[in-house]
Each structure stands twice: as C-alpha cells, then as structure tokens.
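I have placed the structure first, in the form of structure tokens, so that the comments after it can refer back to it.
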Amino acid sequence: MKQDLLGLKDLSAQQIKNILSHAADMKKVVLSDSKKIPNLQGKTVVNLFYENSTRTRMSFELAAKYMSANAANISSSGSSVAKGETLIDTAETLDVMGTDILVMRHNMSGAPHLIAPVIKASVINAGDGMNEHPTQALLDIFTMIEHKGHIEGLKVAIIGDISHSRVVRSNIHGLTKLGAEVSLGGPATLMPKDIDKMGVKVFNNVQEAIIDADVVMGLRIQLERQKKGLFPSVREYFRFFGVDESRLRLAKPDAILMHPGPVNRGVELSTSVIDGDKSVITEQVTNGVAVRMAVMDMLINGGF
Ligand code: NCD
394 MKQDLLGLKD
404 LSAQQIKNIL
414 SHAADMKKVV
424 LSDSKKIPNL
434 QGKTVVNLFY
444 ENSTRTRMSF
454 ELAAKYMSAN
464 AANISSSGSS
474 VAKGETLIDT
484 AETLDVMGTD
494 ILVMRHNMSG
504 APHLIAPVIK
514 ASVINAGDGM
524 NEHPTQALLD
534 IFTMIEHKGH
544 IEGLKVAIIG
554 DISHSRVVRS
564 NIHGLTKLGA
574 EVSLGGPATL
584 MPKDIDKMGV
594 KVFNNVQEAI
604 IDADVVMGLR
614 IQLERQKKGL
624 FPSVREYFRF
634 FGVDESRLRL
644 AKPDAILMHP
654 GPVNRGVELS
664 TSVIDGDKSV
674 ITEQVTNGVA
684 VRMAVMDMLI
694 NGGF
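In this note's numbering, the protein residues as written are 394 to 697.
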C-alpha cells in the first residue's frame, strides 16, 4: 500500500529517527562531487504548489533529481487552477500522468489530507495553511542533532508568530516525541490559546523563553495569513519580540540560532545574529535536500 507524509503528528518517534538516520547518508550524496544515485530511477515526482516557495520547492526538485527521478513543477498561477478547476480534479489529473510522488503546498489546512486518499501517488505535505510542514521540522531536528548530538533533554525556544506557523506545529510534534523541552515566546496576540496542551511552555516575553536554551528558532511574521492589527508595527515588533545579540546571550553560550526562511531581516532577527557565528540557517537549507531525499526514497522503496 502506498504511504504518505502528511504531518509529524502521525509519525512515531522511531519512524522519525529512521528518517533522520537515512538523511545522514543522503547528506553525503548532497555534499559529494557526483550528485546522482539511482534510488528513484524511472519514478516521477510532481511539485504542486499553491503558495510561493523558494527553498522548499527547489529542495524537493533537486532531491528528486539527485535520486534520478523525473521531476516536474506546477504552480497555481499558470495552471488550470486559475481556470477554476478544483484541487481534487487537478490532483487526479496529475496522478494519472504517472506521478509516483505528489509534493503539495496549499494555503488551506488539511488540503493534502483531502487528496491523499483519492490518488495513487504518495502525497508529501510541503506546508498546509497553518497546520503542518513535516519535512521542514525533520530538517530542523536533523540540524539540531548534527550540532547537539541528541534531542532528548534539549531546550528549544521558538520565537515569533506561533499562531500562523505550520513550522512550529510540526516541530512541536517532532521535538516533544523525541523528548525535547519546547518553550514558545512571542506576542500574546500571535499565541494560540490552547497551545500549552501540546506539551510546551508558553511565554509572552521573548527573554524568558530564551533563557538557557540550546536552540533558538525564529519564525517569520506570516503577514499573508494574519488579520490586521495583531501587532502595532514591524519596527515595534523587532523592539519587543525580535531576536538580537543581547537576547541571544540569554541562551546557553553554545546555543545555535535557526530560522526556516525566508527571513525578514531586522524584523524577526537582527542582521548581526543572522550572519553571526551561532547561526545555522544556511546549514538548514542544505539539510533540507538530504531529508527530502530520505523521505522520498523511503516512501517509494520501503522503510518508511
Ligand atoms: C516556511 C513555510 O512555508 O511555512 N518556509 C519554508 O518552507 N522554508 C516558513 C515561512 O514561510 O515563514
């Protein structure tokens, strides 16, 4: 039976560990001079993106190509979606062209869950509204393990627009399953009411969330998903909630700084910390290719 990756909510700790360990092998391919392995030879990967993307879409495309798959992209503008075709009709159309993996990004939470049961291809959720972005959290966790050696007992502070972030939800599922302690910080207006029920600590003050953290992760202000008036102005946001050098000093001396990108410089993070020695933001991008190779290989060839 075909398998899908819709969210980290659905995976066990062991499944997550298996993917991460396979990703370590795939990273060697990404860093090698000869980036071509035969694992997806003859298979077809289609990226169906209804929202903007630079790194996630390119990362899936390169991951597919490094594994010798046929890779194709389609975005909502320029497709029949713009002519009024439904999501299910679009997905079924791509399915019957011989697609083996459909990578999907959609602004509606739950969109890939709707598609997965009705098509033959494996569906990978590349971000659904404010719900989940499982491969992003897998690459984040992979990066934490590379630097810290383990997740159990790690203190991870996630700062910013918690309400509208699918990255944070996937990270909370993954990190808590693996035994990390997650603290959230940001404006009360961008903090969902019941988020503490997910097993995390909630602070309306960024400083307290960051104290003694091993990992500090900034999140982008998701203006495209926000109603007006959730914070006074971008400049004031940085003053009260942005991560700069003085706030980052509250974390452990060997803490790492992460962000899923794209970063608004000087809004969520200061330029000095983005380009500073604690930042692993560019490593996250490289690791994203390795993690996506691992996921696609395991969905098609077993081990998922
Ligand atoms: C994230 C997303 O799309 O949710 N970006 C990404 O995939 N690297 C985060 C964001 O857009 O802020």
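Backbone N, C-alpha and C fix where the C-beta goes; we use that ideal spot for every residue, glycine too.
Worksheet entry | Nonlocal neighbours in the same chain, by C-beta distance under 8 Å from residue 488, ignoring five residues either side | 495, 512, 513 and 514
Worksheet item: Looking at residue 499 and the ligand NCD, is the gap between the Cβ and the nearest heavy atom below 7 Å?
Response: no
Worksheet entry | Distance, residue 657 Cα to residue 636 Cα | 12 Å
Worksheet entry | Distance, residue 600 Cα to residue 668 Cα | 21 Å
Discussion item. To the nearest angstrom, how far is the alpha carbon of residue 584 from that of residue 540?
Written reply: One C-alpha to the other measures close to 28 Å.
Discussion item. For the stretch 623–635 against the stretch 575–583, do three or more pairs of beta-carbon atoms, one drawn from each stretch, fall closer than 8 Å, so that the two count as touching?
Written reply: yes
Worksheet item: Among 439, 611 and 521, which residue has its Cα nearest to the Cα of residue 553?
Response: 611
Worksheet item: So the beta strand (DSSP E) residue 498 belongs to, where does it begin and stop?
Response: That run of the beta strand (DSSP E) goes 494–499.
Practice prompt. Could you tell me if residue 447 is buried or exposed, where buried requires 16 or more neighbouring beta carbons within 10 angstroms of its beta carbon?
Written response: exposed
Fill in: Beta-carbon gap between residue 506 and residue 443 smaller than 8 Å
no
Discussion item. What does DSSP give as the partner residue(s) for residue 662 in the beta ladder?
Written reply: 636 and 658
Discussion item. I'd like the list of long-range same chain contacts for residue 563, defined as Cβ closer than 7 Å, with 5 residues on each side in sequence excluded.
Written reply: 400, 401, 525, 526, 527, 529 and 530
Worksheet item: Mapping DSSP to helix, strand and coil, what is residue 590?
Response: helix
Discussion item. Pairs of beta-carbons, one from the stretch 402–419 and one from the stretch 683–692, closer than 8 Å: are there three or more?
Written reply: yes
Worksheet item: Does at least one heavy atom of the ligand NCD sit under 7 Å from the Cβ of residue 655?
Response: yes
Worksheet item: What residue does the alpha helix (DSSP H) around residue 603 start on, and which one ends it?
Response: For residue 603, the uninterrupted alpha helix (DSSP H) run begins and ends at 599–603, by DSSP.
Worksheet item: Apart from the five residues on each side of it in sequence, which residues of its chain come closer than 8 Å, Cβ to Cβ, to residue 674?
Response: 650, 651, 652, 654, 656 and 667
Practice prompt. Please list, in chain order, all residues of the same chain as residue 519 whose beta carbon is under 8 Å from its beta carbon, the five residues on each side excluded.
Written response: 440, 442, 446, 449, 450, 453, 496, 497, 498, 526 and 528
Worksheet entry | Sub-8 Å separation of residue 542 and residue 569 beta-carbons | Not in contact: residue 542 and residue 569 (Cβ atoms no closer than 8 Å).
Worksheet item: Cβ of residue 520 versus every heavy atom of the ligand NCD: is any distance shorter than 7 Å?
Response: True, at least one ligand heavy atom lies under 7 Å from that Cβ.
Practice prompt. Could you check what DSSP says for residue 537 in three-state terms: helix, strand or coil?
Written response: helix
Practice prompt. Examine chain D for any beta-carbon lying closer than 8 Å to the beta-carbon of residue 687, and answer yes or no.
Written response: The structure shown contains no chain D; it holds only a single protein chain.
Item to complete: Taking 8 Å as the threshold, find out whether the stretch 402–412 comes into contact with the stretch 453–463 through three or more Cβ pairs.
Response: no
Item to complete: Report the option in 616, 556, 560 and 618 whose CA atom is closest to the CA atom of residue 597.
Response: Checked all of 616, 556, 560 and 618; the closest Cα to residue 597 is 556.
Worksheet item: What are the start and end residues of each continuous alpha helix (DSSP H) run of 4 or more residues lying completely inside the stretch 498–583, in chain order?
Response: 504–508, 527–541 and 559–570
Fill in: Inter-residue Cα distance where the pair is residue 688 and residue 630
36 Å
Item to complete: Pick helix, strand or coil for residue 651, following the three-state DSSP scheme.
Response: strand
Worksheet entry | residue 467 - DSSP class collapsed to helix/strand/coil | Residue 467: strand per DSSP, three-state reduction.
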